[in-house]
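For reference, the structure discussed in these notes is given below.
There are 2 protein chains.
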Amino acid sequence: MIPKDHPRYRSLVTRERLAACAREGVVTLEGLTAHGRGEAFDYLIGERTTESALLAERTAAAMLLSARSPVISVNGNTAALAAPLLDGLQAASRARVEVNLFHRTEERMEKITKLLESAGVGVLTGRAEPLLPLSHARALCLREGIFSADTVLVPLEDGDRCEALVSMGKRVIAIDLNPLSRTARTATLTIVDELTRAIPNITGACEKMGPGEGERLLSSPDNSYFLRAALDEIRGNLEHALD
Amino acid sequence: MIPKDHPRYRSLVTRERLAACAREGVVTLEGLTAHGRGEAFDYLIGERTTESALLAERTAAAMLLSARSPVISVNGNTAALAAPLLDGLQAASRARVEVNLFHRTEERMEKITKLLESAGVGVLTGRAEPLLPLSHARALCLREGIFSADTVLVPLEDGDRCEALVSMGKRVIAIDLNPLSRTARTATLTIVDELTRAIPNITGACEKMGPGEGERLLSSPDNSYFLRAALDEIRGNLEHALD
Numbered sequence: 001m002i003p004k005d006h007p008r009y010r011s012l013v014t015r016e017r018l019a020a021c022a023r024e025g026v027v028t029l030e031g032l033t034a035h036g037r038g039e040a041f042d043y044l045i046g047e048r049t050t051e052s053a054l055l056a057e058r059t060a061a062a063m064l065l066s067a068r069s070p071v072i073s074v075n076g077n078t079a080a081l082a083a084p085l086l087d088g089l090q091a092a093s094r095a096r097v098e099v100n101l102f103h104r105t106e107e108r109m110e111k112i113t114k115l116l117e118s119a120g121v122g123v124l125t126g127r128a129e130p131l132l133p134l135s136h137a138r139a140l141c142l143r144e145g146i147f148s149a150d151t152v153l154v155p156l157e158d159g160d161r162c163e164a165l166v167s168m169g170k171r172v173i174a175i176d177l178n179p180l181s182r183t184a185r186t187a188t189l190t191i192v193d194e195l196t197r198a199i200p201n202i203t204g205a206c207e208k209m210g211p212g213e214g215e216r217l218l219s220s221p222d223n224s225y226f227l228r229a230a231l232d233e234i235r236g237n238l239e240h241a242l243d
Numbered sequence: 244m245i246p247k248d249h250p251r252y253r254s255l256v257t258r259e260r261l262a263a264c265a266r267e268g269v270v271t272l273e274g275l276t277a278h279g280r281g282e283a284f285d286y287l288i289g290e291r292t293t294e295s296a297l298l299a300e301r302t303a304a305a306m307l308l309s310a311r312s313p314v315i316s317v318n319g320n321t322a323a324l325a326a327p328l329l330d331g332l333q334a335a336s337r338a339r340v341e342v343n344l345f346h347r348t349e350e351r352m353e354k355i356t357k358l359l360e361s362a363g364v365g366v367l368t369g370r371a372e373p374l375l376p377l378s379h380a381r382a383l384c385l386r387e388g389i390f391s392a393d394t395v396l397v398p399l400e401d402g403d404r405c406e407a408l409v410s411m412g413k414r415v416i417a418i419d420l421n422p423l424s425r426t427a428r429t430a431t432l433t434i435v436d437e438l439t440r441a442i443p444n445i446t447g448a449c450e451k452m453g454p455g456e457g458e459r460l461l462s463s464p465d466n467s468y469f470l471r472a473a474l475d476e477i478r479g480n481l482e483h484a485l486d
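Each protein sequence line maps, in turn, to chains H and Y.
The first sequence begins at 1 in the working numbering and counts up by one.
The second sequence begins at 244 in the working numbering and counts up by one.
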């Protein structure tokens with residue numbers, strides 16, 4: 001339906017994909033609005049992986065590879081946008097994948113698990129317990145998954161959950177296009193990049209990690225460096241935007 | 244459900260309202276994503292009416308009051324967010340209101356018309372004709388409404404329609420939180436402010452317009468001034484955002 005030469009082709013196709021997933025119940029209506037916020041920040045960042053984001057992605061790879069028990073926490077938007085890419089990241093990083101939803105229902109858990117499995121992703125299953133310091137269903141996770149993880153990759157996560165994981169002493173890697181969000185500020189490492197660009201970059205960095213490179217990357221700049229770098233990119237882009 | 248003291252109360256209530264309207268078919272799934280983009284830009288602008296936006300709103304009032312035939316073009320998001328506010332603006336500006344949808348179906352036209360009418364807004368009805376230089380259903384409008392208007396207020400409009408109206412020689416007033424959007428750049432006057440702040444401000448300016456004030460406002464800065472002022476606000480806000 002969308003012509004391939006449309007200047008916003010990629011963005012429109014992604015939006016249609018998310019709308020289709022919302023009709024199927026994989027993505028929530030709130031998830032669509034959240035995607036719109038991400039679109040705006042991606043527009044401001046220039047819809048490309050910046051140099052500092054690439055360094056964050058390589059650092060994320062080093063964190064995942066050096067982890068004792070890495071877990072990727074997947075929500076509806078992430079599954080809808082990146083299920084096939086998570087297959088590659090799981091293989092390259094040896095991370096386990098757990099579905100963890102802000103708007104959690106058994107029906108959505110099942111739909112998202114199926115979507116991931118059909119893309120080749122191995123998904124942790126079992127009886128979820130209220131193990132996270134969050135209220136109601138948001139406390140639920142798997143004992144052998146997120147609860148036991150030392151490092152958790154949380155793409156597109158909300159601030160409360162990110163804070164809860166950090167408060168449990170975990171190293172949290174966030175993928176978030178808004179460098180000012182609570183998630184971005186709270187995470188151990190924030191990748192300010194679009195999900196479907198970030199994941200293949202982390203996967204590639206895992207696959208190509210040279211000897212000693214991981215150690216060097218793990219001593220790379222702290223999170224505030226990455227947030228400041230993203231803000232500087234946005235400010236630079238805005239400076240000449242109307243010329 | 245949402246506690247009144249939540250720091251994001253207003254934003255969350257608005258989001259719930261839009262999600263409810265999406266379930267009723269008033270707002271489209273694409274409309275939810277578009278709202279998310281607006282949320283991001285509103286966050287960057289500081290979620291308040293800037294001085295330059297207030298000047299744009301007073302200028303918009305002068306344009307509407309001096310128009311021969313002013314029309315407010317209303318889409319799903321606008322109706323969902325601002326139906327009661329449009330009643331006041333219509334009374335103060337003497338503008339006619341026409342429903343005009345990007346994703347046009349008879350069912351949505353009816354639902355949105357009813358929603359507006361239940362808020363007291365008088366809505367133009369009749370047989371729409373393909374009078375706009377746009378493809379398919381997007382060309383449809385009323386001969387005695389948008390087609391004959393000399394000044395059209397288009398809140399939350401897409402770039403194509405804004406361009407089409409300008410190409411027909413109309414004065415177009417846009418309300419758009421993204422100062423870089425095609426709509427914002429194409430309109431005769433762009434109000435970079437959130438819809439439910441902008442509309443009451445325009446209404447208030449219509450009601451309080453003093454003698455000679457309209458003429459002075461109509462010779463106010465051109466649109467690029469307002470866009471640059473909005474960008475400067477955003478850049479200024481970003482400068483100290485992480486301090």
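Ideal placement from N, C-alpha and C gives every residue a C-beta, glycine not left out.
Members of the region 20-34 of chain H that neighbour chain Y once the beta carbon cut-off is set at 7 Å: Against chain Y - using a Cβ distance shorter than 7 Å - the residues of the region 20-34 of chain H are Ala22, Leu29, Glu30, Leu32, Thr33 and Ala34.
Euclidean distance between Cα positions of H:Val152 and Y:Ser336: Counting from one through the first sequence, the residue named residue 152 of chain H turns up at place 152. Counting from one through the second sequence, the residue named residue 336 of chain Y turns up at place 93. When rounded, the distance between both Cα atoms is 55 Å.
Straight-line gap, Y:Glu487 to H:Leu231 (C-alpha atoms, nearest Å): Any question about residue 487 of chain Y goes unanswered here, given that chain Y covers just 244 to 486.
Assumed close pair H:Leu189, H:Thr59 - CB separation to whole angstroms, cut-off 8 Å: To locate residue 189 of chain H, count along the first sequence from 1; it is residue 189. To locate residue 59 of chain H, count along the first sequence from 1; it is residue 59. At roughly 6 Å, the Cβ-Cβ gap stays under 8 Å, so H:Leu189 and H:Thr59 are in contact.
Near-chain Y residues of the region 212-241 of chain H - C-beta to any C-beta below 8 Å: Against chain Y - using a Cβ distance shorter than 8 Å - the residues of the region 212-241 of chain H are Ser224, Leu227, Arg228, Leu231, Ile234, Arg235, Leu238, Glu239 and Ala241.
Cβ of H:Leu180 within 8 Å of any chain Y Cβ: Looking up residue 180 of chain H in the first sequence gives position 180. So, interface residue.
Under 8 Å by beta carbon: chain H residues contacting Y:Gly289: Within the second sequence, the letter at position 46 stands for residue 289 of chain Y. None at all; the shortest Cβ gap to chain H is about 12 Å.
H:Asp150 and H:Arg68 closer than 8 Å at C-beta: Indexing the first sequence from 1 puts residue 150 of chain H at position 150. Indexing the first sequence from 1 puts residue 68 of chain H at position 68. Between H:Asp150 and H:Arg68, the CB-CB gap stays under 8 Å.
Cβ pair count under 8 Å reaching 3, the region 38-46 of chain H against the region 136-148 of chain H: Short answer: they don't touch.
Beta-carbon gap between Y:Leu308 and Y:Leu329 smaller than 8 Å: Numbered from its first residue, the second sequence carries residue 308 of chain Y at position 65. Numbered from its first residue, the second sequence carries residue 329 of chain Y at position 86. No, the pair does not count as a contact, with Cβ atoms beyond the cut-off.
Beta-carbon gap between Y:Ala277 and Y:Asn320 smaller than 8 Å: For the purposes of this step, residue 277 of chain Y is identified with residue 34 of the second sequence, where counting begins at 1. For the purposes of this step, residue 320 of chain Y is identified with residue 77 of the second sequence, where counting begins at 1. The answer is yes: Cβ separation under 8 Å.
Length at least 4, wholly inside the region 37-84 of chain H: the alpha helix (DSSP H) runs in chain order: You should have 51-66.
Boundaries of the beta strand (DSSP E) in which H:Thr151 is found, first to last residue: Translated into positions along the first sequence, residue 151 of chain H becomes position 151. Thr151 to Pro155 is the extent of the beta strand (DSSP E) around H:Thr151.
For H:Ile199, the nearest candidate out of H:Ile72, H:Pro211 and H:Thr14 (CA to CA): Locating residue 199 of chain H in the first sequence gives position 199, counting from the first residue. The alpha carbon of H:Ile199 has as its nearest neighbour, out of H:Ile72, H:Pro211 and H:Thr14, the alpha carbon of H:Ile72.
Top-ranked residue by Cα proximity to H:Leu218, from H:Thr105, H:Leu55, H:Ile175 and H:Asn100: For the purposes of this step, residue 218 of chain H is taken as the residue at position 218 of the first sequence. It is H:Leu55.
Three CB pairs or more closer than 8 Å across the region 90-107 of chain H and the region 165-184 of chain H: Because the criterion of three Cβ pairs below 8 Å is not met, the region 90-107 of chain H and the region 165-184 of chain H do not touch.
is_contact[H:Leu40, chain Y] using C-beta, thresh 8 Å: Start at 1 with the first residue of the first sequence, and residue 40 of chain H comes out as number 40. The question names Leu, but residue 40 of chain H in the sequence shown is Ala. Yes, its Cβ sits closer than 8 Å to a Cβ of chain Y.
Neighbourhood of Y:Val340 by C-beta, 7 Å cutoff - its chain only, sequence neighbours within 5 removed: Counting from 1 along the second sequence, the entry for residue 340 of chain Y is found at position 97. Cβ within range, chain order: Ile315, Val317, Leu329, Gln333, Leu359, Val364, Gly365, Val366 and Leu367.
Beta-carbon proximity list for Y:Ser424, same chain, < 8 Å, skipping 5 on both sides: In the second sequence, counting from the first residue as 1, residue 424 of chain Y sits at position 181. Hits under 8 Å: Gly402.
Assumed close pair Y:Pro313, Y:Ala296 - CB separation to whole angstroms, cut-off 8 Å: For the purposes of this step, residue 313 of chain Y is taken as the residue at position 70 of the second sequence. For the purposes of this step, residue 296 of chain Y is taken as the residue at position 53 of the second sequence. Between Y:Ala296 and Y:Pro313 the Cβ distance is about 20 Å, and since that is not below 8 Å, they are no contact.
Spatial distance of Y:Asn444 from Y:Ser463 (CA atoms): Counting from 1 along the second sequence, the entry for residue 444 of chain Y is found at position 201. Counting from 1 along the second sequence, the entry for residue 463 of chain Y is found at position 220. Per the coordinates, the alpha-carbon of Y:Asn444 lies some 17 Å from the alpha-carbon of Y:Ser463.
Y:Arg280 at chain H interface by Cβ criterion, 8 Å: Here the question's residue 280 of chain Y lines up with position 37 in the second sequence. Yes, contact with chain H.
Minimum Cβ-Cβ distance from Y:Arg258 to chain H less than 8 Å: By 1-based counting over the second sequence, the position of residue 258 of chain Y is 15. Yes, contact with chain H.
Rounded C-alpha distance that separates Y:Pro422 from Y:Arg428: Counting from 1 along the second sequence, the entry for residue 422 of chain Y is found at position 179. Counting from 1 along the second sequence, the entry for residue 428 of chain Y is found at position 185. If you draw a straight line from the Cα of Y:Pro422 to the Cα of Y:Arg428, it is about 7 Å long.
Start-to-end residues for the beta strand (DSSP E) that takes in Y:Val409: Here residue 409 of chain Y is taken as the residue at index 166 of the second sequence, counted from 1. Where Y:Val409 is concerned, there is no enclosing beta strand (DSSP E), although the alpha helix (DSSP H) around it starts and stops at Gly402 to Ser410.
Bridge partners - Y:Pro373, DSSP secondary structure assignment: Residue mapping note: residue 373 of chain Y aligns to position 130 of the second sequence, counting from 1. Its beta-bridge partners are Y:Leu383.
Straight-line Cα distance separating Y:Cys405 from Y:Met352: Here residue 352 of chain Y corresponds to residue number 109 of the second sequence, with the count starting at 1. Here residue 405 of chain Y corresponds to residue number 162 of the second sequence, with the count starting at 1. Y:Met352 and Y:Cys405: Cα-Cα distance of roughly 20 Å.
For Y:Arg414, the residue or residues it bridges with in DSSP: To locate residue 414 of chain Y, count along the second sequence from 1; it is residue 171. Y:Thr394.
Which of helix, strand or coil DSSP assigns to H:Thr33: Walking along the first sequence from the start, residue 33 of chain H turns up at place 33. DSSP places H:Thr33 in helix when its eight states are reduced to three.
Burial state of Y:Asp486, where buried means 16 or more other Cβ atoms lie within 10 Å: Position 243 of the second sequence, counted from the start, is the residue given in the question as residue 486 of chain Y. Under this definition Y:Asp486 is an exposed residue.
Nearest residue (CA-CA) to H:Asp222, options H:Gly31, H:Ile191 and H:Ile146: Residue 222 of chain H sits at position 222 when you count from the first residue of the first sequence. Closest option to H:Asp222, Cα to Cα, is H:Ile191.
Residue burial classification, H:Arg15 (beta-carbon count within 10 angstroms, cutoff 16): The sequence position of residue 15 of chain H within the first sequence is 15, counting from 1. H:Arg15 comes out buried.
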